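The structure under discussion appears below in the form of structure tokens.
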Amino acid sequence: MEITVANSYVVFDLDWELYKPLQFLHTLQEIFGYRTQCCRKTLCLAGSIFSFGILPLVFYWKPAWHVWANCIPCSLQEADVVLLRTTDEFQTYSRKKVMWICLSALNSAFRLSPDNPFITDEESIINRAVRKPDLKVRCIKVQKIRYVWDNLEGHFQKIGCLEDCLSSAKIHLKFGSGLTTEEQEIRRLICGPNTIDVEITPIWKLLIKEVLNPFYVFQLFSVCLWFSEDYKEYAFAIIIMSIISIALTVYDLREQSVKLHRLVEAHNNITVSICGKNAGVQELESRFLVPGDLLILMGSKVHMPCDAILIDGSCVVNEGMLTGESIPVTKTPLPKMDGSVPWKTQSEGEYKRHVLFCGTEVIQAKGACSSTVKAVVLQTGFNTAKGDLVRSILYPKPMNFKLYRDAIRFLLCLVGTATIGMIYTLCIYVLSGETPGEVVKKALDVITIAVPPALPAALTTGIMYAQRRLKKRGIFCISPQRINVCGQLNLVCFDKTGTLTRDGLDLWGVVPCDGNGFQEVHRFTSGRTLPWGPLCAAMTSCHSLILLDGTIQGDPLDLKMFEATTWEMASGDDFHLKGVPGCAMVVKPCGTSSQAPVEGLAILHQFPFSSALQRMTVVVQEMGGDQLVFMKGAPERVASFCQPETVPTSFVSELQIYTTQGFRVIGLAYKKLEMDHHISALMRDQAESDLIFLGLLILENRLKEETKPVLEELISARIRTVMITGDNLQTAVTVARKSGMVSESQKVILIEANETTGSSSASISWKLLEEKKHIAYRNQDNYINIREEISDNSKEGSYHFALNGKSFQVISQHFSSLLPKVLMNGTIFARMSPGQKSSLVEEFQKLDYFVGMCGDGANDCGALKMAHVGVSLSEQEASVASPFTSKTPNIECVPHLIKEGRAALVTSFCMFKYMALYSMIQYVGVLLLYWETNNLSNYQFLFQDLAITTIIGVTMNLNGAYPKLVPFRPAGRLISPPLLLSVILNILLSLAMHTVGFILVQRQPWYSMGLHSACTVQNDTISKLTISPTAPVKNGTNGVFTSFENTTIWFLGTINCIVVALVFSKGKPFRQPTYKNYIFVLVLVVQLSVCLFILFADIPELYRCLDLLCTPVLWRVYIIIMLSSNFIVSLVVEEAIIENRALWMIIKRCFGYQSKSQYRIWQRALANDPSWPPVNQTSYSDMPECGRGVSYSNPVFESNEDQL
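Numbering (the working numbering), first residue to last: 29 to 1232.
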């Protein structure tokens, strides 16, 4: 971790090297120092008392304000409180108290001397963290990680892990014999316990946290106001709805807390054996482990309680928890190399092959020649790989989807509108001589009318319904807010093996070679066994298979290869002859296998396979014969280690024959070792030199049946599909063609980029893989896309770029100005490492794509977390970090997710528009009545709020997703012209209708007559009233005014709420048609029938209950005419203008509007570039047009959603 001091703050750079695919927390935070001041604290305490708890509530919502009010800025060295601020666009603050760790308790036991180092490792942060002479350590805890103050460097630094600067020699020397008891106790106190402790959050805590949400505080304010006005019924309804909502949320959070607690608790109480310096081997609980302890691993089925570096012996580990792939992985000891190079970078390839990660299961531990297996504790607690996984769940990346930002702005607009209404209300009622208390109530009423308290609840119902529908399809979601983001996806990346193709590999055959070239293919389906020779020996021994409880386990590819030889596997313990070590795995021919001149082969040493190296190597001993080295891996990589004369001249063409047919091809090579080699001292680079090429192993990897139809559906919906795989490039191209990702009419251009070598600079070349005639693309449905203008340029979409991970890396480093151009048409990315997959997803996001990633979890965890929407097809623990997990192991889940996302997004917009209109309808009606110092009665409000709006809000969201993906997306923003225009026009229509009704009713001939003469039907209450409604009389029963204006406004507003619901309920092309939402249609029909019944029924008791006045039938007909006119105009506006995509396209062209998305800008630029794409050209990084040039970046988007 790196922290720099500048102007009283430091920047935390959290360690990404722990286990990259799982480390996706906030990368940068600023930290500011503050010191508490007594006088400020006293003032804040007084303010809290006099504000009746409002000030502490504000401080709870705004922790930075709490610090600024109570403390004064100071240097970090003097601070007792620190303020952390994220560097993304959220600028989120969090407050942390500086704590002290006191070592004085250990002083009496071990007689610590301030003048001497506390631990023997002088470079350790612990020696620099202890303040002398009082023996104290300052620390803070951020997201479960402890940071201590480095007195020498003057910054906070992470504790709980060994320093990265240690070389392998120092690790062997300093920790090879264990720690002293004194060192263990000091480290234990400063580093903390080795536990991944996720407490089950008490229900009362969850309840308080949920209740203190600003939304519920506003609801509490509204409910108190309604009780003061005797509006008890709706207040109780809101209380009941809020209790149900809070209970469901608390239950859900509690379930997640319990599930996560159970996931980690088993690893906190494991008994382990450690070797202490001068203390021998002893057993203790794993929570007492500290970095530097020497673990002794014995037996099998051991769960690792920490991250540890293997220094002696070898282990076979199941890393399914981390990678999602339950395939045994072989771990080798860290070699003891001279020099001061940090251990992580000293050897080629990934350092992870020496690390046993926390949470993984050690299936088998083998000591080197009967010695014990030893490992040095590297990291403990939440610093470990499993700790990272848990932290990524505890502290998910904040969502910043534009919809939610726009929702806040929208609510602020409603608050602004409410403020205007409050001023208007104050003026009206003050001038009319009302009491101050009544004036305040009326003014506050306007806020609860203009800002509907039920809005957030109504919005979440759509997502809940979508989540329920996804669950029925076997798609589980741990981040429901991401369902809306699914609706905006316009690029989906797919892993190949296990995702697009089947998991299982079938061995098709082998192609042996000799000095003259490749020989005839040996097909295993023929029943013939492979003749004995180096090729057969390679297939029997070059693997990482293990024998566990009599069963051979390991990688499916290795299993298929070994089974084809019909040999069998045994432990070296069964062979006590010819110098075979007992710890070695032995393979031997069985009765049905070919006659081999050897009794068997002992696998003495493995250099395991890694994605970065793309190969594995073994050292074997023929029983009674030579020592041999065998290599297996990517054919191109294997050939590069062979003597050139042993590689056939037709190697490239032969390889292409099989890769173009979609086969997976593995290269094999070997050499004999000189007998004086000591195996334990043999370095990998020595073993992997001057090899003899043996041939090619051909495996068949078939497409899943669902792959092609799904990809065709996505492509027809104009959603880009990209393949990211670790397999061979040509195989990937063939799979892309077979699956339909690349059509037969489209060209594939191979990009090859090479690093700087010697005097030549980095180069990039472009080669056309196949030349095919361009034919018209498949017919598309005739939809007009507002957001995604489709260019007529015939070049666009007619070609795809294919490149490997090495070329991607070189382009990123040396040709950054070309990278966005390559990504615009880059479809096939082969030989990609897990880190490169994550980087590629990130680069697509910089181009403003909404990126989805679908993988089986094996090497995709990082990319799944980085993408806007990650879908894991694995049910291993690693998939917990992915927002979506599919039980069905194929890509059919992707279009389902997009459809439900689009439906949920449209539903959210519908609900926003409806709730805004409902509140504005009430707002307009109430303000008009305020003009006459009148208002709606409680039962009139209750009927609108509960019987109409609440039921509509619950049922309007029930529309399912439309079964067909259309070639355009719904709008992603509330603040978009069509949506804003829709809301504004409907508000104006409602305003016009209410105003017309309000004015016309006052001009009716019967208005100035007595109330009893307005219609023939009278009731006792009305008949007794003889005063003109121009000066309405207060009805003593309900405390409201009954008037013709009130009756007219109420009918217009109530029925208008039903009309608006029908107009705003959208169906095709993103949701099922409205008429298929049977419950919603039934609700509208019943509500409209009830309203019309009340309007025409002439039932005195009903009118008296609702505080309505009887009006002439003709006026009621006028009300229906006004509502019908409003409905027709609103419907015509919505269908002919708002939903008219062709019209918006014309408007955009007239105003010259062009999309500001980065990928759209690059599309337009490339469409007008006659020199693009370059074919059969080579460029160099020192050329002016190909250097770094003007690199692209989009800071706003980079911090927009997942770049935190």
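Beta carbons: idealized from backbone N, C-alpha and C, even for Gly. These numbers were taken from a predicted model, which means no experiment stands behind them.
Residue i: which of the options sits nearest, CA to CA?
i, options, result
"Gly988", "Cys938, Lys1104, Val994", "Lys1104"
"Phe669", "Gly695, Val647, Val648", "Gly695"
"Val952", "Leu1019, Ser314, Ser1004", "Leu1019"
"Met881", "Leu322, Arg381, Val750, Val657", "Val750"
"Thr687", "Gly754, Val761, Ala624", "Val761"
"Gly890", "Ser342, Asp416, Lys169", "Asp416"
"Ala478", "Lys499, Gln509, Glu462, Leu440", "Leu440"
"Asn729", "Arg930, Thr114, Val86, Thr525", "Thr525"
"Thr299", "Ile1086, Glu313, His289, Asn1154", "Glu313"
"Gln671", "Lys699, Gly653, Glu650", "Lys699"
For residue i and residue j, what's the separation of their Cα atoms in angstroms?
i, j, result
"Ser273", "Gln247", "12 Å"
"Pro481", "Tyr244", "9 Å"
"Thr489", "Val954", "28 Å"
"Gln873", "Pro923", "20 Å"
"Thr977", "Cys938", "13 Å"
"Ala1125", "Ile1149", "18 Å"
"Met769", "Gly661", "27 Å"
"Leu722", "Arg551", "16 Å"
"Ser1158", "Glu1167", "12 Å"
"Ala471", "Ile949", "17 Å"
"Leu1090", "Leu1112", "8 Å"
"Asp577", "Tyr1187", "55 Å"
"Val1118", "Asn853", "58 Å"
"Val1087", "Ser1093", "10 Å"
"Val1045", "Thr476", "In this prediction, Val1045 scores a pLDDT of 42, lower than 50, which makes its location untrustworthy; no coordinate-derived value is stated."
"Pro584", "Thr1102", "50 Å"
"Lys124", "Ile271", "32 Å"
Just grab the DSSP bridge partners of residue i for me.
i, result
"Leu519", "Arg748, Val879"
"Ser914", "Ile503"
"Gln310", "Ile302"
"Thr785", "Ser788"
"Leu322", "Cys303, Val404"
"Ala27", "For the chain, the structure presents residues 29 to 1232; residue 27 sits outside this window and is missing."
"Tyr827", "Lys775"
"Glu389", "His331, Asn346"
Is residue i buried or exposed, if buried means 16 or more other CB atoms sit within 10 Å of its CB?
i, result
"Tyr121", "buried"
"Pro230", "exposed"
"Gly367", "exposed"
"Asp542", "exposed"
"Glu227", "exposed"
"Glu799", "Note that Glu799 has pLDDT 41, beneath the 50 cutoff, so the model's placement of it is unreliable and the number below is only indicative. Flag for Glu799 reads exposed."
"Phe255", "exposed"
"Val538", "buried"
"Pro1006", "buried"
"Ser399", "exposed"
"Ala107", "buried"
"Ser1199", "exposed"
"Val318", "buried"
"Tyr1131", "buried"
"Leu1009", "exposed"
Apart from the five residues on each side of it in sequence, which residues of its chain come closer than 7 Å, Cβ to Cβ, to residue i?
i, result
"Thr568", "Phe590, Thr593, Trp595, Val615, Leu629"
"Ile818", "Any reading at Ile818 must be qualified, since the residue scores a pLDDT of 32, below 50, and its modelled position is unreliable; no value is offered."
"Arg63", "Cys99, Ile100, Cys102, Glu106, Ala107, Asp108"
Counting only the same chain and skipping the five closest in sequence on each side, list residues whose C-beta sits under 6 Å from that of residue i.
i, result
"Phe504", "Thr913"
Near residue i, which residues of its chain fall below 8 Å by C-beta distance, leaving aside the five closest residues on each side in sequence?
i, result
"Val693", "Pro663, Leu683, Tyr686, Thr687, Leu724, Leu725, Ile726, Leu727, Asn756, Thr759"
"Tyr958", "Tyr452, Thr453, Ile456, Tyr457, Lys470"
Does the distance between the C-beta of residue i and the nearest non-hydrogen atom of the ligand NAD fall short of 8 Å?
i, result
"Val750", "This structure does not include the ligand NAD; it has no bound ligands of any sort."
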